[in-house]
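Peer 1: Quick note, my numbering runs 415 ahead of the 1-based positions in the sequence shown.
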Amino acid sequence: MSERLERGLNTLRAQIDPEVKAYFSSCVHCGICAEACLFYTETGDPRYTPIYKTEPLHKVWQEEYTFWGKLGKKLGLTKSLTEADLANWEELVYDGCSMCGRCSMVCPVGIDVAYIIRKVKEGLAASDYSPEGLVEATQRAVEIGSPMGIRLKALQAQIRHVEADTGLKIPMDVEGAEYLALLSSMEIINFPEYIEALARIFKQAGVSWTLCSDAFEATNSGLQIGNSIIAAQLLERVVAGAEKLKVKTVISPECGHAFAAIRWDGPNFIGRPYNFKVVHILELLDELQQSGRLKTSGMETARLTFHDPCQIVRRGGVEAQPRRLLESVAENFVEMTEHGRMNWCCGGGGGVSANERAEGLRLKAFKRKKSQLDELKVETIVTACANCRLVMEEGLEENEMDIPIVGLTEVIAEHLVEDKQ
Ligand code: SF4
Ligand code: SF4
Numbered sequence: 416m417s418e419r420l421e422r423g424l425n426t427l428r429a430q431i432d433p434e435v436k437a438y439f440s441s442c443v444h445c446g447i448c449a450e451a452c453l454f455y456t457e458t459g460d461p462r463y464t465p466i467y468k469t470e471p472l473h474k475v476w477q478e479e480y481t482f483w484g485k486l487g488k489k490l491g492l493t494k495s496l497t498e499a500d501l502a503n504w505e506e507l508v509y510d511g512c513s514m515c516g517r518c519s520m521v522c523p524v525g526i527d528v529a530y531i532i533r534k535v536k537e538g539l540a541a542s543d544y545s546p547e548g549l550v551e552a553t554q555r556a557v558e559i560g561s562p563m564g565i566r567l568k569a570l571q572a573q574i575r576h577v578e579a580d581t582g583l584k585i586p587m588d589v590e591g592a593e594y595l596a597l598l599s600s601m602e603i604i605n606f607p608e609y610i611e612a613l614a615r616i617f618k619q620a621g622v623s624w625t626l627c628s629d630a631f632e633a634t635n636s637g638l639q640i641g642n643s644i645i646a647a648q649l650l651e652r653v654v655a656g657a658e659k660l661k662v663k664t665v666i667s668p669e670c671g672h673a674f675a676a677i678r679w680d681g682p683n684f685i686g687r688p689y690n691f692k693v694v695h696i697l698e699l700l701d702e703l704q705q706s707g708r709l710k711t712s713g714m715e716t717a718r719l720t721f722h723d724p725c726q727i728v729r730r731g732g733v734e735a736q737p738r739r740l741l742e743s744v745a746e747n748f749v750e751m752t753e754h755g756r757m758n759w760c761c762g763g764g765g766g767v768s769a770n771e772r773a774e775g776l777r778l779k780a781f782k783r784k785k786s787q788l789d790e791l792k793v794e795t796i797v798t799a800c801a802n803c804r805l806v807m808e809e810g811l812e813e814n815e816m817d818i819p820i821v822g823l824t825e826v827i828a829e830h831l832v833e834d835k836q
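1) Which complete alpha helix (DSSP H) runs does the segment 419-467 hold, if anything under 4 residues is left out?
2) Going by the beta-carbon positions, is the gap between I881 and C515 smaller than 8 Å?
3) With respect to 7 Å, is the separation between the Cβ of H672 and the closest non-hydrogen atom of ligand 1 below this value?
4) Could you check the C-alpha separation between F721 and G707 for me, to the nearest Å?
5) For A799, which residues from the same chain have a beta carbon less than 7 Å from its beta carbon, with the 5 sequence-adjacent residues on both sides left out?
6) If you check the beta carbons only, do P607 and Q573 fall under 8 Å apart?
7) Which whole runs of the beta strand (DSSP E) in the segment 650-710 are 3 residues long or more, in chain order?
8) Just mark L603 as buried or exposed, buried being the case when its beta carbon has 16 or more other beta carbons within 10 Å.
9) Consider the C-beta atom of I532 and the heavy atoms of ligand 2; say whether any pair is separated by less than 7 Å.
10) Please classify T625: is it buried, with 16 or more other beta-carbons within 10 angstroms of its beta-carbon, or exposed?
11) Which of the three DSSP states, helix, strand or coil, is assigned to V821?
12) Starting from the C-beta of S667, find all residues in its chain whose C-beta is less than 8 Å away, skip the five residues before and the five after it, and write them out in chain order.
13) On the three-state DSSP scale, how would you describe M416?
14) Is DSSP giving E750 helix, strand or coil here?
15) Do you know offhand how far D834's Cα is from L719's?
16) Between the segment 767-783 and the segment 535-555, are three or more C-beta pairs nearer than 8 Å?
17) Over what stretch of residues does the beta strand (DSSP E) that includes F721 continue unbroken?
18) What does I796 pair with, by DSSP beta-bridge criteria?
19) Under 7 Å Cβ to Cβ from G446, same chain only, skipping five residues before and after it: list those, please.
20) Three-state secondary structure (DSSP) at L492?
21) As a quick exercise: from N690, I685, N635, R652, pick the residue whose alpha carbon is nearest that of S599.
22) Would you say the segment 581-595 touches the segment 608-625, given that touching needs at least three Cβ pairs under 8 Å?
23) Considering Y594, what are the terminal residues of the beta strand (DSSP E) in which it resides?
24) Among the residues of its own chain, which have a CB less than 7 Å from the CB of K779, if the five just before and after it don't count?
25) Within the same chain, show all residues whose beta-carbon is closer than 7 Å to that of C760, passing over the 5 residues directly before and after it, in chain order.
26) By a C-beta neighbour count over all protein chains shown, 10 Å radius and 16 as the cutoff for buried, is K568 buried or exposed?
27) Does the beta-carbon of T716 have 16 or more other beta-carbons within 10 angstroms, so that it is buried, or is it exposed?
28) In the structure shown, what three-state DSSP assignment does M714 receive?
29) Nearest by alpha-carbon distance to R652: which of I640, I616, Q639, Y689 is it?
30) Which residue's Cα is closest to the Cα of D680: L700, E702, L649?
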């Protein structure tokens, strides 16, 4: 057995926890999860059936934990996991799964397929079967602090532009501020209007906030590639930044997997509870609005819809807040036929968009979002994840659909009462 395969096998064995055992032993092989997955529906290829993507871990579980698997192994009747299996599943898992969790919603016996797929990624990453784009992004995250290689100087340059445009000071390293705002690389480089929106909203609402020069990056490549040691290392930077500045709450930005990492998986990854709270920016905006601190006026008249980022809405539970916020500033808000926790993924989550090899498949998967949009005939798409936004911009361009996409925080900032005075 090669050293690479051994590493993969050992890591997969270590992933078999009570949940995985329960899930594998309760799967009734009904195949219902297939119809929930956009990589299956848009390709018709049965290899993209969600539970099939977990096969490397299933094989190991079968051999180690089932009577027939153990017997088969002893008698040499079953085929153990090979390097060829790992090579095949690398493409199926990294290119053909955005970790959207839609399959987990439909399974009649409650199997969280996405949870198992993430564990398969741990085995693939440990045996070096991961796509180049994600490996490089992860290296940059570890060495530079950001998967896109963004250094503090680049952020400071964007901050200078925002300060010049708004006349507002963007607070940095303010000890004792109530909130620490995190940013995603894509917001810093592609959508700095998010930083501007934060500054304007927080000024109006009187929120005490800061950025942290040691911990401004929210994205977590360790989670995407399936390396929990790196995921923990990246999270520790945020925790150290929040503790150093003694903030009460950390704000997760408009980025889906960043929210999953910092809000839900964080304490498990680092092995201890936080001494601060974590909220998503939409939760905070909703709270500020409900308490009367955030005041908006005027309504968008364009027919617009909301694309639910999977990790924020389906996996993260922030479903009602974006709707309340949108209703307050848009008179023509329409829902997609399947919306909220059952909305379809943009196709680029879970690291798929960082994996160039997956581009063709991702654009095929986007056809699902295209059909949802074709039905609606909207003039604007609103979302709350910079990655969804970029992936959808590319999909719309490829399909010659001229529909602008904006972030919800920016839409709210456009309607601040102070702007209307
Ligand atoms: S829907 Fe659930 S039970 Fe059916 S095949 Fe998929 S994982 Fe197994
Ligand atoms: S998590 Fe999403 S993309 Fe992955 S298998 Fe399930 S439905 Fe498909």
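Heads up, the beta-carbon is just placed ideally off N, CA and C, and yes, glycines get one too.
Peer 2: According to the data block:
1) Entirely contained in the segment 419-467, the alpha helix (DSSP H) runs reaching 4 residues are, in chain order, 433-441, 453-456.
2) Lying before the first or after the last residue shown, residue 881 is absent from the chain, which here runs from 416 to 836.
3) For the purposes of this step, residue 672 is identified with residue 257 of the sequence shown, where counting begins at 1. H672 has its Cβ no nearer than 7 Å to any heavy atom of ligand 1.
4) Counted from its first residue, the sequence shown places residue 721 at position 306. Counted from its first residue, the sequence shown places residue 707 at position 292. Distance between F721 and G707, taken at the CA atoms: about 24 Å.
5) For the purposes of this step, residue 799 is identified with residue 384 of the sequence shown, where counting begins at 1. Once the five neighbours on either side are set aside, the close Cβ partners of A799 are E669, L697, P724, I727, P737, G822, L823.
6) In the sequence shown, the residue the question calls residue 607 occupies position 192. In the sequence shown, the residue the question calls residue 573 occupies position 158. With respect to Q573, P607 sits close: the two C-beta atoms are nearer than 8 Å.
7) Fully enclosed beta strand (DSSP E) runs of 3 or longer: 664-667, 692-695.
8) In the sequence shown, the residue the question calls residue 603 occupies position 188. Going by the sequence as given, residue 603 is Ile instead of Leu. Classification of I603: buried, given that the 10 Å Cβ count is 16 or more.
9) In the sequence shown, the residue the question calls residue 532 occupies position 117. Between ligand 2 and I532, a heavy atom-to-CB distance of less than 7 Å is present.
10) Numbered from its first residue, the sequence shown carries residue 625 at position 210. Buried, because 16 or more other Cβ atoms sit within 10 Å of the Cβ of T625.
11) Stepping through the sequence shown from its first residue, residue 821 is reached at position 406. V821 carries a strand assignment under DSSP once its states are collapsed to helix, strand and coil.
12) In the sequence shown, counting from the first residue as 1, residue 667 sits at position 252. L597, A633, A673, F674, I677, R678, V693, V694, H695, I696.
13) Your numbering for residue 416 matches position 1 in the sequence shown. In the structure shown, M416 falls within a coil segment according to DSSP collapsed to helix, strand and coil.
14) Stepping through the sequence shown from its first residue, residue 750 is reached at position 335. Looking at E750 - three-state DSSP - the assignment turns out to be coil, as it is neither helix nor strand.
15) By 1-based counting over the sequence shown, the position of residue 834 is 419. By 1-based counting over the sequence shown, the position of residue 719 is 304. Interpretation of D834 is limited by its pLDDT of 46, a score under 50 that renders its predicted location unreliable; the figure taken from the coordinates is listed afterwards. If you draw a straight line from the Cα of D834 to the Cα of L719, it comes to about 22 Å.
16) In short, these stretches touch, since the Cβ pair count reaches three.
17) Mapped onto the sequence shown, residue 721 falls at position 306. F721 -> beta strand (DSSP E) spans 719-721.
18) Within the sequence shown, numbered from 1, the residue matching residue 796 stands at position 381. In DSSP, I796 forms a bridge with T720, I820.
19) Along the sequence shown, read from residue 1 onward, the residue named residue 446 stands at position 31. Answer for G446: T464, listed in chain order.
20) On the sequence shown, position 77 is the one that residue 492 refers to. Three-state result, L492: coil.
21) Within the sequence shown, the letter at position 184 stands for residue 599. That would be N635, whose Cα lies nearest to the Cα of S599.
22) Taking 8 Å as the limit for Cβ pairs, the verdict is that the segment 608-625 does touch the segment 581-595.
23) Taking the first residue of the sequence shown as 1, we reach residue 594 at position 179. 594-596 is the span of the beta strand (DSSP E), which, as asked, contains Y594.
24) On the sequence shown, residue 779 is found 364 positions in, with the first residue counted as 1. Setting aside the 5 residues that flank it on each side, K779 is surrounded in the same chain by E457, T458, each with a C-beta closer than 7 Å to its C-beta; the list follows chain order.
25) On the sequence shown, residue 760 is found 345 positions in, with the first residue counted as 1. These residues qualify, in order along the chain: L453, S513, C515, R517, C725.
26) For this step, residue 568 is matched to residue 153 along the sequence shown. Counting the other Cβ atoms within 10 Å of the Cβ of K568 gives fewer than 16, which makes it exposed.
27) Translated into the one-based positions of the sequence shown, residue 716 becomes position 301. Answer is exposed; the Cβ neighbour count stays below 16.
28) One-based indexing of the sequence shown puts residue 714 at position 299. Correct three-state label for M714: coil.
29) For the purposes of this step, residue 652 is identified with residue 237 of the sequence shown, where counting begins at 1. Here the closest residue by C-alpha is Y689.
30) Sequence index remark: in the sequence shown, residue 680 carries index 265 (1-based). When each option's Cα is compared against that of D680, the closest is L649.
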